[in-house]
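Chemist: My questions will all concern the structure given below.
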Amino acid sequence: MVINLYKNGQLGNRLLHASAFIANSIEHGYSFYYLSFPEAYQQYFDLEDNATLKLTGVRFHFSRSGTLNSILIKIASGLFKFLKKRKSLPFLDYLTIIPASQPNGALYCDMNDARFLEKAKNKVLFVEGWRFTDHINMPKHLFFIRDIFKPREKYAGLIDTIVNKARKFGKTLIGIHIRRGDYKNYQGGKWFYEDTVYVRKIQEMQQLLSGHDNPSSVVFIICSDEEIDMHSFSTLPVVYIRKSEIIDLYTLAKCDYIIAPPSTFSGWASYYGNVPTYYIDNPEAPVLQTEFTIGFHKHFTNKAAHCVNYYEMIGQEQA
Numbered sequence: 279m280v281i282n283l284y285k286n287g288q289l290g291n292r293l294l295h296a297s298a299f300i301a302n303s304i305e306h307g308y309s310f311y312y313l314s315f316p317e318a319y320q321q322y323f324d325l326e327d328n329a330t331l332k333l334t335g336v337r338f339h340f341s342r343s344g345t346l347n348s349i350l351i352k353i354a355s356g357l358f359k360f361l362k363k364r365k366s367l368p369f370l371d372y373l374t375i376i377p378a379s380q381p382n383g384a385l386y387c388d389m390n391d392a393r394f395l396e397k398a399k400n401k402v403l404f405v406e407g408w409r410f411t412d413h414i415n416m417p418k419h420l421f422f423i424r425d426i427f428k429p430r431e432k433y434a435g436l437i438d439t440i441v442n443k444a445r446k447f448g449k450t451l452i453g454i455h456i457r458r459g460d461y462k463n464y465q466g467g468k469w470f471y472e473d474t475v476y477v478r479k480i481q482e483m484q485q486l487l488s489g490h491d492n493p494s495s496v497v498f499i500i501c502s503d504e505e506i507d508m509h510s511f512s513t514l515p516v517v518y519i520r521k522s523e524i525i526d527l528y529t530l531a532k533c534d535y536i537i538a539p540p541s542t543f544s545g546w547a548s549y550y551g552n553v554p555t556y557y558i559d560n561p562e563a564p565v566l567q568t569e570f571t572i573g574f575h576k577h578f579t580n581k582a583a584h585c586v587n588y589y590e591m592i593g594q595e596q597a
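Position one of the sequence shown corresponds to residue 279 (our numbering), numbered consecutively onward.
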């Protein structure tokens, strides 16, 4: 059994974090409790009566009783704090990938490693850290993950309405995710782009598709975490939606293409909807067909250049 109490990031981060564990637990047959998924996000999904979820060993609560669940989480939190000092007991263990000696996020744990699975299957294992990865089983068990994290009908219906209306302006729908907010400082602001960058990428995408589609059959739909001044886009075939994060996220997942700065938000939309995505890593580089990919940008996976395998690190320390 694996228990996660660790909290990190916003909706995209939480979905990626949970899904890696879900896919791994389904593949290897252990129970997984994800106890740090905020109530604000739980309201977007049916995590209580989801028939697919019930087929797995995955749960987002210890109990459906709010009072009992709170008590059990407090007990689990107490055990977690105890294990951080004691490290392990015969049937309890603790694994962190954020040790003081490493920058936060610099370590990753491949959950298909036999050493992780031995503990997950035979102990109650508390985990701490964000980059627990399973790039093999996340694609394999996408069916389960899609059904677990499908939006409630009140959101799904609105998303379908938005997408259907947008497609009346063009058969090819391209999602533009403008990420501002925390990106002004994240990674030194390197992925915080002005409107001019997005305008240029839209124009480049129009040019790229001009040989395949009638330019008038292409429409772009803008999603953003900030209010956008649409004057910058006034000459372009653009639809702008001003809705909540869940509407933005799953609207992107229904597009034919996505253009966005690297983030787990756009990465989730790409992974969930199987949408080819162009990540604006270098704003000066042109949009090319060969640069589209499906899934998360490597910065948020174990392929990130700054990441070190946890089990390789402890092996070197023990050598």
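C-beta: ideal position from N, C-alpha, C; glycine also.
1) What is the DSSP secondary structure of Val405, counted as helix, strand or coil?
2) Do you know how far the Cα of Ala444 is from the Cα of Ser512?
3) Decide if Phe574 is buried, meaning its Cβ has at least 16 other Cβ atoms within 10 Å, or exposed.
4) In the DSSP assignment, what residue or residues form a beta bridge with Pro429?
5) On the DSSP letters alone, give me the boundaries of the beta strand (DSSP E) that Phe498 sits inside.
6) Taking C-alpha atoms, which residue in Asp391, Asp507 and Tyr319 lies nearest to Asn291?
7) Could you round the C-beta distance between Met279 and Leu403 to whole angstroms and report it? I think they count as a contact, below 8 Å.
8) What do you reckon, are the CB atoms on Phe278 and Leu325 nearer than 7 Å?
9) How do the segment 281-289 and the segment 304-320 stand: do at least 3 beta-carbon pairs fall below 8 Å, yes or no?
10) Evaluate Leu294 with the Cβ neighbour count: other Cβ atoms within 10 Å of its Cβ, from every protein chain shown; 16 or more gives buried, anything less gives exposed.
11) Apart from the five residues just before and just after Ile353, which ones in its own chain have a Cβ nearer than 8 Å to its Cβ?
12) Within the same chain, show all residues whose beta-carbon is closer than 6 Å to that of Ile537, passing over the 5 residues directly before and after it, in chain order.
13) Please report how far the alpha carbon of Phe578 lies from the alpha carbon of Arg430, in whole angstroms.
14) In chain order, what residues of the same chain lie with their CB nearer than 8 Å to the CB of Leu385, ignoring the 5 residues before and after it?
15) Report the rounded CA-to-CA distance for Tyr535 versus Ser488, giving the unit in angstroms.
16) Which residue from Ala301, Gln481 and Lys285 puts its Cα closest to that of Leu313?
17) Quick one: using the 10 Å Cβ neighbour count with 16 as the cut-off for buried, is Thr439 buried or exposed?
18) For the segment 433-491, list the beta strand (DSSP E) runs that are entirely contained and at least 3 residues long, ordered along the chain.
19) Strictly by DSSP, which residues pair up with Phe410?
20) Among Ser355, Lys449 and Phe323, whose alpha-carbon lies nearest the alpha-carbon of Ser495?
21) Count the other CB atoms, across all protein chains shown, that sit within 10 Å of the CB of Asn580; report buried if there are 16 or more and exposed otherwise.
22) Assuming Ser541 and Arg457 make a contact with CB atoms under 8 Å, what is their CB distance in whole Å?
23) Can you tell me whether Asn302 is buried or exposed? The criterion is at least 16 other CB atoms within 10 Å of its CB, across all chains shown.
24) Where DSSP assigns a beta bridge to Leu370, which residues make up the other side?
25) Evaluate His509 with the Cβ neighbour count: other Cβ atoms within 10 Å of its Cβ, from every protein chain shown; 16 or more gives buried, anything less gives exposed.
26) Using the three-state DSSP reduction, which class does Ile304 fall into: helix, strand or coil?
27) For the beta strand (DSSP E) holding Ile281, just list the boundary residues, first then last.
28) With DSSP as the reference, label Ala597 as helix, strand or coil.
29) Could you tell me which residues DSSP puts in a beta bridge with Asn328?
30) Could you name the residues of the same chain whose beta carbon sits closer than 7 Å to that of Ala582, not counting the 5 residues immediately before and after it, in chain order?
31) Around the C-beta of Lys468, are 16 or more other C-beta atoms found within 10 angstroms, so that it is buried, or is it exposed?
Modeler: According to the structure shown:
1) The residue you call residue 405 lines up with position 127 of the sequence shown. Residue state, collapsed to three classes: strand.
2) Taking the sequence shown and counting its residues from 1, the one referred to as residue 512 is at position 234. Taking the sequence shown and counting its residues from 1, the one referred to as residue 444 is at position 166. So the two alpha carbons sit approximately 16 Å from each other.
3) Your numbering for residue 574 matches position 296 in the sequence shown. With 16 or more Cβ atoms within 10 Å of its Cβ, Phe574 is classed as buried.
4) Along the sequence shown, read from residue 1 onward, the residue named residue 429 stands at position 151. Beta-bridge pairing links Pro429 to Phe323.
5) Within the sequence shown, residue 498 is the residue found at index 220, counting from 1. Phe498 -> beta strand (DSSP E) spans Val496 to Ser502.
6) On the sequence shown, residue 291 is found 13 positions in, with the first residue counted as 1. When each option's Cα is compared against that of Asn291, the closest is Tyr319.
7) Indexing the sequence shown from 1 puts residue 279 at position 1. Indexing the sequence shown from 1 puts residue 403 at position 125. 7 Å between Cβ atoms; contact.
8) The shown model of the chain, from 279 to 597, leaves out residue 278, and the question about it has no answer.
9) yes
10) What you label residue 294 is simply residue 16 of the sequence shown in a count that begins at 1. Looking at its Cβ environment, which holds 16 or more other Cβ atoms inside 10 Å, Leu294 is buried.
11) Taking the first residue of the sequence shown as 1, we reach residue 353 at position 75. No residues qualify anywhere along the chain.
12) Within the sequence shown, numbered from 1, the residue matching residue 537 stands at position 259. The answer, listed in chain order, is Ile454, Lys479 and Tyr556.
13) Translated into positions along the sequence shown, residue 578 becomes position 300. Translated into positions along the sequence shown, residue 430 becomes position 152. Their backbone Cα atoms lie some 27 Å apart in a straight line.
14) The residue labelled residue 385 in the question sits at position 107 within the sequence shown. The residues are Ile375, Ile376, Pro377, Gly407, Arg409, Cys585, Val586, Asn587, Tyr588 and Met591.
15) Numbered from 1 along the sequence shown, position 257 holds the residue referred to as residue 535. Numbered from 1 along the sequence shown, position 210 holds the residue referred to as residue 488. C-alpha separation (whole angstroms): 15 Å.
16) In the sequence shown, residue 313 corresponds to position 35, counting from 1. Among Ala301, Gln481 and Lys285, the Cα nearest to that of Leu313 is on Lys285.
17) For this step, residue 439 is matched to residue 161 along the sequence shown. Flag for Thr439 reads exposed.
18) 450-456
19) Residue 410 sits at position 132 when you count from the first residue of the sequence shown. Per DSSP, Cys387.
20) Residue numbering aside, residue 495 sits at position 217 when the sequence shown is read from its first letter. Answer by Cα proximity: Lys449.
21) Translated into positions along the sequence shown, residue 580 becomes position 302. By the neighbour-count rule (16 or more Cβ atoms within 10 Å), Asn580 is buried.
22) Residue mapping note: residue 541 aligns to position 263 of the sequence shown, counting from 1. Residue mapping note: residue 457 aligns to position 179 of the sequence shown, counting from 1. That pair is a contact at about 5 Å.
23) Indexing the sequence shown from 1 puts residue 302 at position 24. The residue in question, Asn302, is buried, as its Cβ has 16 or more Cβ neighbours within 10 Å.
24) For this step, residue 370 is matched to residue 92 along the sequence shown. Paired residues: Leu367 and Val402.
25) Here residue 509 corresponds to residue number 231 of the sequence shown, with the count starting at 1. Exposed is the call here.
26) Sequence index remark: in the sequence shown, residue 304 carries index 26 (1-based). Three-state DSSP puts Ile304 in a helix.
27) Position 3 of the sequence shown holds residue 281. Residues Val280 to Asn282.
28) Mapped onto the sequence shown, residue 597 falls at position 319. In this prediction, Ala597 scores a pLDDT of 37, lower than 50, which makes its location untrustworthy; no coordinate-derived value is stated.
29) As a first step, residue 328 is located in the sequence shown; it is residue number 50 there, counting from the start. None, per the DSSP bridge assignment.
30) Here residue 582 corresponds to residue number 304 of the sequence shown, with the count starting at 1. These residues qualify, in order along the chain: Lys576.
31) If you number the sequence shown from 1, residue 468 lands on position 190. It is exposed - the Cβ of Lys468 has fewer than 16 other Cβ atoms within 10 Å.
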